[in-house]
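S.K.:
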Amino acid sequence: MTNPLVEAYANALRAMEGSAPKGLLRRAQVEAEDIVPEPDVSEARLREHLDTSDQDDRLRVSLTLNMGRWGNAPIEGNPWTVGTRPNSAERRKLVIELLKLEPGTADAFATHFPLVKGDGTTVIAGPWEPWYSMEVQRDRDFYWGHYVEYLRTRRNWGAQAITTLDTATTHIVERLINPSRATAGQTKGLVVGYVQSGKTANFTGVIAKAIDAGYRLIIVMTGTTNLLREQTQRRLDMELVGRENILRGVDESDPSAAQTIDYLDDDDDWNNDRFVRHGVRPSEVGKPDIHRMTTQRRDYRRLQQGLPALEFERRDRTKQLWHPENLFTSDARLIIVKKNTSVLNNLVKDLKNNADKLDDIPTLIIDDESDQASVNTTDPRKWKEEQKERTAINRHLSNLLRILPRAQYVGYTATPFANVFVDPSDDEDIFPKDYLISLERPEGYMGADDFHDLDLAIPDSEKTFANSKEKAHVRLVGKQVDEDDEAEENDLQIALDSFVLAGAIKLYREAHGAKPFKHHTMLVHEAMRKAAHKSRSESIQDLWHVSGYLSGTASDRLRQLFLDNFAPVTAALDLGYAMPSSFDDLLPHLGVAARRIAPNGNPVLVINSDTDIVQENLDFDKRPVWRILVGGNSLARGFTVEGLTVTYYSRNVGHSEALMQMGRWFGFRPGYRDLVRLFVTREVRDAFEAACRDEEEFRRELRQYATMVDGRPLITPKDIQPQVMRHGGLRPTAPNKMYNARLVERRTRTKEPSSGYPNLDDQLALSHNIDACRPLLEAADRRTSLKAGRAFEALVGTVTHKEMVNVLRELKWAKEDTFTADLAWIASLPEDVVDQWCVVLPQQKAGKRINIGGIGEFTVHGRKVEKENRIRGNSESAHRGALEGLEDKTPTSGCAILYPVMDKDQADVKINEDGYPVGVVMALMLQLPDAAVPGDRKPLVYKVQVPGKPYYAIVDEPKKR
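Residue -8 is where the sequence shown starts when you use our numbering, and the numbers rise one by one after that.
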């Protein structure tokens, strides 16, 4: 039943979309008069509704979206902002005044729609031509509005999640070229998300807004597998394309229709009306239809419908397609392809043979998993003079960009390093020259810091299910130091028991009001070879048949697992999920769970290209899946394993990008995140943690470089590229090449060169750094208690700016240039900007204490040893947060956290007491005062090595004499 209050206010807000905020109550009253006689839409009623409504309430979503847009609106092109900065207190006050809200309603808005400083999206971009105004968004809205409604009603997205998506997608679409611009132009950008974090939802929103704005050819390039392409096609068909565009006037009750239109046979979501409905064929109301050139069953082939299927309607044949008279009366074409040479070759050929002039087609290319196959990985040393060779997929992608001069390229990835290292001088390659956007970690997402203690450095003996994410969710497999072979063989049994027990707990939660858990899966990922998959599948089946899940002989094992693990973890995490107080309450659900997992006695599905295995297909869309999945690369790289609860992963992976992409256990686990378990070897756990830290350092660096002045960026992706090369020691191309840039100053407020310290086997350098830090150790002579989230003991003191600079000059690093640019800037700061440094050495109550430099005993913090026998010195958030409350801190104080760190696995080894302990690294985290931010706000200062060439050019290294 329609709520008149919601309808009135939502319609009033819709009328204000794309324009300045205006008197809200008066407009709601006008709208209400057309709904019910004598309506009560007073602000008191509005406040009451906000206090009682859910997060996905239509009015709450509309208010959140509008408040977010008005708060984010740039000053340029919006005179109503009267110069107030986006997302500032002044802007919020102005919006409230323009809405003419009563004080009580203003207070309610402050509670329900709090001011957010920034939107969480990191944007590094070059200048662009503004065109995607609020008016354009309002006047052309169709697919985006329907997508928002789908997310709200079908996927139960809350108001804030939708607002975050709206803001992030606008950041992308506004940087495309205006599709109706007379002059052709291309943009290339990269969007960096998290593994399994909702990148598909983001590019679905981008496509919706782009079609609304006038883009008419949409090409989505997925990964290299059919599984991922089919999954992507279905998501877009279901959430964006919609029933009307799929049917295109065909009577779905006609038995012959199922032969030509997918989803009409046995698709549960189609039959239960879960595909988006537009209410009408879009073209009947002046909006573009979407013509699908691919279907879920069929990748792109040479056009069977004939080339006219790719030709665009033009009302006025004397004008180009991009002309507004033609553009907004033409339909869109959607092509979803996997990265396959023959498929892309067919597409390029059809486009070249098209009667339409390709120069005129506003095109959007979405490259999902853009670091896979798309990047040119040929060896430059093997190229013929002035003839660049390309890998197959990169060649096809370059051809598309060359023949479609109005194409806008948007790459999506969770592992961005390969894309950022593309040669920026290659106009036909995919270097993100125009923008690099790092998405905010979404609410409810389980990522790296939910499985690894990235921000916790307490001794293992002090870790609990409550304070350690790793202790709660991760179980080490493989024979440990003090264990025998039987313990190693028991790992898979515990993983299977965890899977069955978690399934029973899900059924218990369903019985106590939770939404149904359609899928419940376990992933076993140990090898790439198909023979290994078959062998592991058979061993799991054998173990399943003797595990006693149906006979009752498993009861004692499951009871102990519940009491020792699942029950205390759920209690410690305290997420509000239903959990039985007694194991006996689970007994009725255990047999049901086991039968669902193995309905025919076999709990396993093998997921690879082996066609000799007779089994049901893996199809999360058509039926519930409660299974153990065994596979390799087919289950990686963008493919979403629905309902994934238990992962058994012992496969070794090389480079960090491949490693991160195997992390299928990352993602959203609504209603069961406390049940998620990851079984991994110690080596894989440590490799994952190192890769996660690299990725987070990269994101943190991007955030510091995303400086905007008057709404314009000071740093572009080309400025960033030579800097991110520092991660992992990667070089641009051949060994004798380098970037023309030499960084002179890195002028960022936070300094944490956590991975740049000397190797553990360079004891001379480590001992030298102890002596270098002597002034800091001697200054920190007062013991105090600090608190930021959690309390901790610390030794504190102060040194002068000159003393700190001298310490930094004395430090030795793994590479000579690790800290050179940072030190150059710090040393240049005058005393009226920074005159002293507050020094903090966090101390642990039960941690190991050692003599350092003969000055005294200090806590030594344990860290994992990574590749090249190196330790990171990562600071902890509780320690960083406590800096603001330091007693000695002034507006001209810098802050330094000093950590003596060592290999955490050597914590029990006796250390020499001569003041120069073996393997101890002196690690620093520095924070400059606000006044240190340079007047020009430019965080990076370069000097070119070869005059006359840009700093991002790749040049020959000078020959050594």
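We put the CB at the ideal spot given by N, CA and C, even for glycine.
In this text, all values refer to a predicted model and were calculated from it rather than measured experimentally.
Measure the C-alpha to C-alpha separation of Phe553 and Leu755 and round it to an integer number of angstroms.
M.R.: For the purposes of this step, residue 553 is taken as the residue at position 562 of the sequence shown. For the purposes of this step, residue 755 is taken as the residue at position 764 of the sequence shown. Phe553 and Leu755: Cα-Cα distance of roughly 51 Å.
S.K.: Tyr291 and Asp954 - do their beta-carbons sit closer together than 7 Å?
M.R.: Lying outside -8 to 952, the shown extent of the chain, residue 954 is not represented and no answer is given.
S.K.: Bridge partners of Asp358, per DSSP?
M.R.: Stepping through the sequence shown from its first residue, residue 358 is reached at position 367. Per DSSP, Met212, Gly402.
S.K.: Can you give me the start and stop residues for the beta strand (DSSP E) that Tyr890 sits inside?
M.R.: In the sequence shown, residue 890 corresponds to position 899, counting from 1. From DSSP, the beta strand (DSSP E) with Tyr890 extends over 884 to 894.
S.K.: Determine the DSSP secondary structure at Trp956, reduced to helix, strand or coil.
M.R.: As displayed, the chain neither begins before -8 nor continues past 952, which places residue 956 out of reach and without an answer.
S.K.: Less than 7 Å between the beta carbons of Leu349 and Leu395, yes or no?
M.R.: Residue 349 sits at position 358 when you count from the first residue of the sequence shown. Residue 395 sits at position 404 when you count from the first residue of the sequence shown. Cβ distance < 7 Å, so Leu349 and Leu395 count as in contact.
S.K.: Any beta-carbon of chain B closer than 7 Å to the one on Lys278?
M.R.: Protein chain content of the structure displayed is limited to a single chain, and chain B is not contained in it.
S.K.: Of the choices Asn63, Glu88, Leu106, whose alpha-carbon is the least far from that of Met125?
M.R.: Here residue 125 corresponds to residue number 134 of the sequence shown, with the count starting at 1. For Met125, the nearest C-alpha among the options comes from Asn63.
S.K.: Rounded to whole angstroms, what's the CA-CA distance from Thr809 to Lys803? Just pull it up for me.
M.R.: If you number the sequence shown from 1, residue 809 lands on position 818. If you number the sequence shown from 1, residue 803 lands on position 812. Using only the alpha carbons, I get a separation of about 9 Å.
S.K.: State the DSSP-derived secondary structure class of Arg840, mapped to helix, strand or coil.
M.R.: Here residue 840 is taken as the residue at index 849 of the sequence shown, counted from 1. Reduced to three states, the DSSP call for Arg840 is strand.
S.K.: In angstroms, rounded to a whole number, what distance separates the CA positions of Pro273 and Asp441?
M.R.: Start at 1 with the first residue of the sequence shown, and residue 273 comes out as number 282. Start at 1 with the first residue of the sequence shown, and residue 441 comes out as number 450. Answer to the nearest angstrom: the Cα atoms are 43 Å apart.
S.K.: Within the segment 146 to 196, note down every full alpha helix (DSSP H) run reaching 4 residues or more, in order along the chain.
M.R.: Segments of the alpha helix (DSSP H) lying fully in the segment 146 to 196: 150 to 164.
S.K.: Closest to Phe1035 by C-alpha separation, out of Gly872, Trp816, Ala805, would be which residue?
M.R.: The structure shown does not extend to residue 1035, since the chain spans only -8 to 952, so no value can be given for it.
S.K.: When you compare only the Cα positions, how much space is there between Arg82 and Leu54?
M.R.: Position 91 of the sequence shown, counting from 1, holds the residue named residue 82. Position 63 of the sequence shown, counting from 1, holds the residue named residue 54. Roughly 16 Å between the two C-alpha positions.
S.K.: Helix or strand or just coil, what does DSSP make of Ala563?
M.R.: Walking along the sequence shown from the start, residue 563 turns up at place 572. Correct three-state label for Ala563: helix.
S.K.: Please determine whether the Cβ atom of Arg381 lies at a distance below 6 Å from any heavy atom of the ligand SAM.
M.R.: This structure simply doesn't include the ligand SAM, nor any ligand for that matter.
S.K.: Please classify Phe849: does DSSP put it in a helix, a strand, or coil?
M.R.: Translated into the one-based positions of the sequence shown, residue 849 becomes position 858. Strand, per DSSP.
S.K.: Whole angstroms are fine: how far does the CA of Asn760 sit from the CA of Asn919?
M.R.: For the purposes of this step, residue 919 is taken as residue 928 along the sequence shown, with counting starting at 1. For the purposes of this step, residue 760 is taken as residue 769 along the sequence shown, with counting starting at 1. According to the sequence shown, residue 919 is Leu rather than Asn. Rounded to the nearest angstrom, the two C-alpha atoms are 22 Å apart.
S.K.: Would you report the Cα separation of Phe422 and Ala116, rounded to the nearest angstrom?
M.R.: For this step, residue 422 is matched to residue 431 along the sequence shown. For this step, residue 116 is matched to residue 125 along the sequence shown. Cα to Cα, the separation comes out at about 13 Å.
S.K.: Under 8 Å by Cβ, that's how I've got Ala812 and Val735 pegged, so tell me the actual separation to the nearest angstrom.
M.R.: Here residue 812 corresponds to residue number 821 of the sequence shown, with the count starting at 1. Here residue 735 corresponds to residue number 744 of the sequence shown, with the count starting at 1. Indeed, because the Cβ distance is near 6 Å, the residues count as touching under 8 Å.
S.K.: In whole angstroms, what separates the C-alpha of Arg17 from that of Leu4?
M.R.: One-based indexing of the sequence shown puts residue 17 at position 26. One-based indexing of the sequence shown puts residue 4 at position 13. For Arg17 and Leu4, the distance between alpha carbons rounds to 11 Å.
S.K.: Taking all protein chains shown into account, do 16 or more other C-beta atoms lie within 10 angstroms of the C-beta of Asn390, making it buried, or fewer, making it exposed?
M.R.: Residue 390 sits at position 399 when you count from the first residue of the sequence shown. Under this definition Asn390 is a buried residue.
S.K.: Just verifying my parser: in three-state terms, what is the DSSP assignment at Arg668?
M.R.: For the purposes of this step, residue 668 is identified with residue 677 of the sequence shown, where counting begins at 1. Reduced to three states, the DSSP call for Arg668 is strand.
S.K.: According to DSSP, is Arg863 part of a helix, a strand, or is it coil?
M.R.: Against the sequence shown, residue 863 aligns to sequence position 872. Coil, per DSSP.
S.K.: Looking at Val824 and Ala898, is the spacing between their C-beta atoms short of 7 Å?
M.R.: Here residue 898 refers to the residue found at position 907 of the sequence shown. Here residue 824 refers to the residue found at position 833 of the sequence shown. No, they are not a contact pair.
S.K.: Short of 6 Å in beta carbon distance, which residues of its chain neighbour Ser746, apart from the five on each side in sequence? Order them along the chain.
M.R.: Here residue 746 is taken as the residue at index 755 of the sequence shown, counted from 1. Cβ within range, chain order: Arg863.
S.K.: Give me the residue from Gly582, Met916, Val621 with the minimum Cα distance to Lys521.
M.R.: In the sequence shown, residue 521 corresponds to position 530, counting from 1. The candidate whose alpha carbon is nearest that of Lys521 is Val621.
S.K.: May I ask you to report which of helix, strand or coil DSSP gives Pro967?
M.R.: Past the edges of the chain, shown from -8 to 952, lies residue 967, and the structure says nothing about it.
S.K.: Does DSSP put Thr72 in a helix, in a strand, or in coil?
M.R.: Looking up residue 72 in the sequence shown gives position 81. Thr72 falls in the helix class under three-state DSSP.
S.K.: Taking the alpha-carbon positions, what's the Arg142 to Ala150 distance?
M.R.: Counting from one through the sequence shown, the residue named residue 142 turns up at place 151. Counting from one through the sequence shown, the residue named residue 150 turns up at place 159. Arg is not the amino acid found at residue 142; the sequence shown has Leu there. If you take the alpha carbons of Leu142 and Ala150, they lie about 10 Å apart.
S.K.: With 16 as the cutoff for other CB atoms within 10 Å, does Pro708 come out buried or exposed?
M.R.: Residue mapping note: residue 708 aligns to position 717 of the sequence shown, counting from 1. With 16 or more other Cβ atoms within 10 Å, it is buried.
S.K.: Assuming contact is defined by CB atoms lying nearer than 7 Å, are Gly634 and His511 in contact in what I supplied?
M.R.: Reading the sequence shown from its first residue, position 643 is the one you call residue 634. Reading the sequence shown from its first residue, position 520 is the one you call residue 511. In this structure, His511 lies closer than 7 Å to Gly634 by Cβ.
S.K.: Is Arg655 helix, strand or coil by DSSP?
M.R.: By 1-based counting over the sequence shown, the position of residue 655 is 664. Three-state DSSP puts Arg655 in coil, outside helix and strand.
S.K.: Should Arg308 and Glu316 be called a contact, given that it needs their Cβ atoms to be closer than 7 Å?
M.R.: Your numbering for residue 308 matches position 317 in the sequence shown. Your numbering for residue 316 matches position 325 in the sequence shown. For Arg308 and Glu316, no; Cβs fall outside 7 Å.
S.K.: With C-beta atoms as the reference, is Met212 less than 7 Å away from Phe266?
M.R.: Position 221 of the sequence shown, counted from the start, is the residue given in the question as residue 212. Position 275 of the sequence shown, counted from the start, is the residue given in the question as residue 266. Going by C-beta atoms, Met212 is not nearer than 7 Å to Phe266.
S.K.: What would DSSP say about Val(-3), mapped onto helix, strand or coil?
M.R.: Residue mapping note: residue -3 aligns to position 6 of the sequence shown, counting from 1. Val(-3): helix per DSSP, three-state reduction.
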